[in-house]
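Peer 1:
In the working numbering, the protein residues as written are 22 to 480.
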């Protein structure tokens, strides 16, 4: 009797230890898919059934208590297995990090084992115009509410999308838009395919524009006027990692529509995937490198080239309107320090024909650059704090008519400089509270300054 009791307890313990070591031991790989999980469960259940069959002839009626203990141990283990199975679908805590050229919240689908993924962000602000200059008035705006919806079909095929509601309602100037919607096909770390409506991979803001990850309530004007963020078009291309920490993205997309170009730049030429003209196509490519020898440093550049004429006539002339845009960027995040700088230059072919057709000067070339720096000062005051508080400063300079075509006058109002100071506070990484002051200066006259207060979040 005593030997049988010892045997039963040893058997229960060995089953528990066997399953536990299979599922949780650090030297073994944790199951990442449901197929792997069910294979483990199936294997262990077969072992349990085999051992129970072997025990049947040996167990006497007065040994039922020991059998009950063994069943209870198995039941507890089953509950733990079910908990692990659930965690494979719904992690207890999402890890927010940028992946494959998208923002942290937009990257949630890449961290799921399979099935549906939902994320999003939002931002609201108040803008006070100093002395109500420039024809502007104080205003408040729930600027954006965004929903990311992704679905992982298999380990190699997934869908990701961003649906945005701008300015709260379509009754006024608001809109509901698909910001991107694309299928990813993972083939090899060096070469994967993305197809659909894609974000044009230029600058800092266009790929990653979630409010906790840029200073100020307003996105840098250089990345709105010169690089027309948010900029998306329909296309397909490749992305991957060529070398450790050396990543690239390249697409072929439909070209811009020069009918939308103006003195303020190429922003109006974005087609946004809405019955887009595709008589002209464009190529865009980006390269980024983060050297391990300098922690937190990354730098890179991108280029966009393509026709924008879309088989249309301007001032009675058929024009290709060959459009080019280039940018280089550098970012360094080290401990509490955050520094960014970006420069961009572009050119527009047939600018004289466009200017005549539009009745305004459209620049043959344009340029812009900015630099910003911020520092998290809270650890200096409260060493154990998890909060974040960074004063920051940004300077911008840009001109959408850097060179006017022959026969057309320059417009100095589009030659601008902006000085900006502010605070960036995050009680938790997902939520930000912002305050900033912007001083606008133009060769064509004072534009009026503004004060901005706002909140933003991701999930």
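Note that CB positions come from ideal geometry on N, CA and C, so glycine has one too.
Going by beta carbon distance, what residues of the same chain come within less than 6 Å of residue 431, once the five residues before and after it are set aside?
Peer 2: For the purposes of this step, residue 431 is taken as the residue at position 410 of the chain shown. Excluding sequence neighbours, residue 431 sits near 422, 425.
Peer 1: On a Cα-Cα basis, can you pick out the residue from 267, 184, 213, 223 that is closest to residue 318?
Peer 2: To locate residue 318, count along the chain shown from 1; it is residue 297. Measuring from the Cα of residue 318, the nearest candidate turns out to be 267.
Peer 1: So, helix, strand or coil for residue 316, using DSSP?
Peer 2: As a first step, residue 316 is located in the chain shown; it is residue number 295 there, counting from the start. Of the three classes helix, strand and coil, the one that applies to residue 316 here is coil, per DSSP.
Peer 1: Tell me, to the nearest whole angstrom, how far the beta carbon of residue 301 is from that of residue 328; I am working on the premise that it is less than 8 Å.
Peer 2: Here residue 301 corresponds to residue number 280 of the chain shown, with the count starting at 1. Here residue 328 corresponds to residue number 307 of the chain shown, with the count starting at 1. Contact flag correct, Cβ pair sits at about 3 Å.
Peer 1: Measuring alpha carbon to alpha carbon, tell me which of 235, 369, 204, 210 ends up nearest residue 18.
Peer 2: Shown here, the chain extends from 22 to 480; a query on residue 18 therefore has no answer.
Peer 1: When the Cα atoms are used, what is the spatial distance from residue 497 to residue 445?
Peer 2: Summary: the structure shown does not reach residue 497, with the chain confined to residues 22 through 480, and so no result is reported for it.
Peer 1: Do you know how far the Cα of residue 359 is from the Cα of residue 161?
Peer 2: On the chain shown, position 140 is the one that residue 161 refers to. On the chain shown, position 338 is the one that residue 359 refers to. Rounded to whole angstroms, the separation of the alpha carbons of residue 359 and residue 161 is 29 Å.
Peer 1: Where are the alpha helix (DSSP H) runs, 4 residues long or more, that stay fully inside the stretch 332-405, in chain order?
Peer 2: You should have 372-379, 399-402.
Peer 1: Have a look at residue 180 and residue 276 and give me their C-alpha separation to the nearest angstrom.
Peer 2: Indexing the chain shown from 1 puts residue 180 at position 159. Indexing the chain shown from 1 puts residue 276 at position 255. When rounded, the distance between both Cα atoms is 24 Å.
Peer 1: According to the Cβ coordinates, are residue 228 and residue 294 closer than 8 Å?
Peer 2: Position 207 of the chain shown, counted from the first residue, corresponds to residue 228. Position 273 of the chain shown, counted from the first residue, corresponds to residue 294. Not a contact, by the Cβ cut-off of 8 Å.
Peer 1: Once you ignore the five residues that flank residue 131 on each side, which residues in its own chain have a CB closer than 7 Å to its CB?
Peer 2: On the chain shown, residue 131 is found 110 positions in, with the first residue counted as 1. Closer than 7 Å at the Cβ level, and outside the excluded window around residue 131, lie 120, 121.
Peer 1: Is the beta carbon of residue 233 sitting closer than 8 Å to the one on residue 400?
Peer 2: Position 212 of the chain shown, counted from the first residue, corresponds to residue 233. Position 379 of the chain shown, counted from the first residue, corresponds to residue 400. No, the pair does not count as a contact, with Cβ atoms beyond the cut-off.
Peer 1: I'd like to know whether the C-beta atoms of residue 477 and residue 200 end up nearer to each other than 8 Å.
Peer 2: For the purposes of this step, residue 477 is taken as the residue at position 456 of the chain shown. For the purposes of this step, residue 200 is taken as the residue at position 179 of the chain shown. Result no, Cβ atoms of residue 477 and residue 200 do not sit closer than 8 Å.
Peer 1: Using C-beta distances below 7 Å, list every residue in its chain close to residue 118, excluding the 5 sequence neighbours before and after it, in chain order.
Peer 2: By one-based count along the chain shown, residue 118 stands at place 97. Cβ within range, chain order: 125, 128.
Peer 1: Using a 10 Å radius around the Cβ and a threshold of 16 neighbouring Cβ atoms, would you call residue 146 buried or exposed?
Peer 2: Along the chain shown, one-based indexing puts residue 146 at 125. Within 10 angstroms of the beta-carbon of residue 146 lie 16 or more other beta-carbons, which makes it buried.
Peer 1: Using the beta-carbon count (16 or more within 10 Å), is residue 482 buried or exposed?
Peer 2: Look at the range of the chain in this structure, 22 to 480, and you will see that residue 482 is not part of it.
Peer 1: Tell me, please, which residues DSSP counts as bridged to residue 418.
Peer 2: As a working note, residue 418 is residue 397 in the chain shown. Paired residues: 390, 438.
Peer 1: Applying the criterion that 16 or more other CB atoms from any shown protein chain within 10 Å of the CB defines a buried residue, is residue 218 buried or exposed?
Peer 2: On the chain shown, position 197 is the one that residue 218 refers to. Per the 10 Å Cβ criterion, buried.
Peer 1: In the DSSP assignment, what are the bridge partners of residue 206?
Peer 2: Taking the chain shown and counting its residues from 1, the one referred to as residue 206 is at position 185. BP columns for residue 206 point to 178, 214.
Peer 1: Please classify residue 339 as buried or exposed, where buried requires at least 16 neighbouring CB atoms within 10 angstroms.
Peer 2: Position 318 of the chain shown, counted from the start, is the residue given in the question as residue 339. It counts as exposed.
Peer 1: Anyone know if the C-beta pair for residue 437 and residue 419 falls short of 8 Å?
Peer 2: Locating residue 437 in the chain shown gives position 416, where the first residue counts as 1. Locating residue 419 in the chain shown gives position 398, where the first residue counts as 1. Cβ atoms of residue 437 and residue 419: closer than 8 Å.
Peer 1: Excluding the 5 residues flanking residue 243 on each side, which residues of the same chain have their C-beta closer than 6 Å to its C-beta?
Peer 2: In the chain shown, residue 243 corresponds to position 222, counting from 1. Around residue 243: 389, 391, 417, 419.
Peer 1: What does residue 309 pair with, by DSSP beta-bridge criteria?
Peer 2: On the chain shown, residue 309 is found 288 positions in, with the first residue counted as 1. Residue pairing by DSSP puts residue 309 in a beta bridge opposite 268, 321.
Peer 1: Just reading off the alpha helix (DSSP H) that residue 246 is part of, what are its end residues?
Peer 2: Locating residue 246 in the chain shown gives position 225, counting from the first residue. 243-246 is the span of the alpha helix (DSSP H), which, as asked, contains residue 246.
Peer 1: Taking the continuous beta strand (DSSP E) assigned at residue 471, which residues delimit it?
Peer 2: Residue mapping note: residue 471 aligns to position 450 of the chain shown, counting from 1. Start and end: 471-479.
Peer 1: By DSSP, does residue 239 sit in helix, in strand, or in coil?
Peer 2: Reading the chain shown from its first residue, position 218 is the one you call residue 239. Under the three-state reduction of DSSP output, residue 239 falls in the coil class, being neither helix nor strand.
Peer 1: Please report the straight-line C-alpha distance between residue 413 and residue 396, rounded to a whole angstrom.
Peer 2: Position 392 of the chain shown, counted from the first residue, corresponds to residue 413. Position 375 of the chain shown, counted from the first residue, corresponds to residue 396. Residue 413 and residue 396: Cα-Cα distance of roughly 7 Å.
Peer 1: With DSSP collapsed to three states, give me the class of residue 64.
Peer 2: By 1-based counting over the chain shown, the position of residue 64 is 43. Reduced to three states, the DSSP call for residue 64 is helix.
Peer 1: Which value, in whole angstroms, describes the spacing of the CA atoms of residue 462 and residue 435?
Peer 2: Counting from 1 along the chain shown, the entry for residue 462 is found at position 441. Counting from 1 along the chain shown, the entry for residue 435 is found at position 414. Residue 462 and residue 435: Cα-Cα distance of roughly 10 Å.
Peer 1: When the Cα of residue 270 is compared with those of 303, 255, 309, 283, which residue comes out closest?
Peer 2: As a working note, residue 270 is residue 249 in the chain shown. Per the Cα distances, 309.
Peer 1: Hey, how far is the Cα of residue 336 from the Cα of residue 378?
Peer 2: Stepping through the chain shown from its first residue, residue 336 is reached at position 315. Stepping through the chain shown from its first residue, residue 378 is reached at position 357. Their Cα atoms are separated by approximately 5 Å.
Peer 1: What's the gap between the Cα of residue 330 and the Cα of residue 189?
Peer 2: Locating residue 330 in the chain shown gives position 309, where the first residue counts as 1. Locating residue 189 in the chain shown gives position 168, where the first residue counts as 1. Going by the C-alpha atoms only, they are around 34 Å apart.
Peer 1: Between which two residues does the beta strand (DSSP E) carrying residue 137 extend?
Peer 2: Residue mapping note: residue 137 aligns to position 116 of the chain shown, counting from 1. Start and end: 136-150.
Peer 1: My guess is that residue 483 and residue 274 are in contact by the Cβ rule of under 8 Å, so how many angstroms apart are they, rounded?
Peer 2: No statement about residue 483 is possible, as the shown extent of the chain runs from 22 to 480 and does not include it.
Peer 1: Identify, in the order they occur along the chain, each residue of the same chain with its Cβ nearer than 7 Å to the Cβ of residue 211, setting aside the five sequence neighbours on each side.
Peer 2: Along the chain shown, read from residue 1 onward, the residue named residue 211 stands at position 190. The answer, listed in chain order, is 261, 262, 263.
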